[in-house]
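Under the numbering used here, the residues of the sequence shown are numbered 2 to 116, in order.
Glycine included, every Cβ here is placed at the ideal spot set by N, Cα and C.
Predicted model only: the values in this text are computed from it and were never measured.
All remarks here apply to the structure that follows.
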Amino acid sequence: MNKKLLAAAVAAAMIAPAAYADATLYGKFHVSVDANDIDVANTTVGDIDNYTVNSRASRIGVKGSEDLGNGLKAIYQLELQVDVTDGGGVGGANRNTFLGLAGGFGTFLVGRHDT
């Protein structure tokens, strides 16, 4: 199912820039290689030395706006978390994803937006 979600996200990201002049495809690829050196005394296990690769909030998204006239602008953002280290795929419920209106009154958003 994650592969289908990833395919849908990529398709939406490629279609959106063609449909909206102000669309921006963005992302962050943040991966670390961590060295673990654990000295364990008085056990049969002994010392633990290894390396792990970790994804640190990597993400991909598309955001933009469309002028509606009369000082109103529709705004949107779809941002998906990507785990690039374990094949976990893409998840969208935990990232900023919203639709909204902006104008002289301010900005009104529906969805998830952590300020």
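Look up residue i in the DSSP assignment and say whether it is helix, strand or coil.
i: G72; result: coil
i: D48; result: coil
i: A42; result: coil
i: S56; result: strand
i: V115; result: Inspection of the sequence shows that residue 115 is occupied by Asp rather than by Val. It is coil, neither helix nor strand.
i: F99; result: strand
i: D84; result: strand
i: F30; result: coil
i: A36; result: strand
i: G105; result: coil
Answer yes or no: do residue i and residue j have a C-beta to C-beta separation smaller than 8 Å?
i: T98; j: L110; result: no
i: L24; j: G65; result: The sequence given here has Ala at residue 24, not Leu. For A24 and G65, yes; Cβs fall inside 8 Å.
i: S56; j: V32; result: yes
i: N37; j: D50; result: yes
i: G101; j: I76; result: yes
Mark residue i as exposed unless 16 or more other C-beta atoms lie within 10 angstroms of its C-beta, in which case mark it buried.
i: G72; result: exposed
i: G62; result: buried
i: R96; result: buried
i: V83; result: buried
i: D115; result: exposed
Just checking my contact of residue i with residue j at CB under 8 Å: how many whole Å lie between their CB atoms?
i: R60; j: L26; result: Rounded, the Cβ-Cβ distance is 12 Å, inconsistent with contact.
i: D68; j: Y52; result: D68 to Y52, Cβ: 50 Å. No contact.
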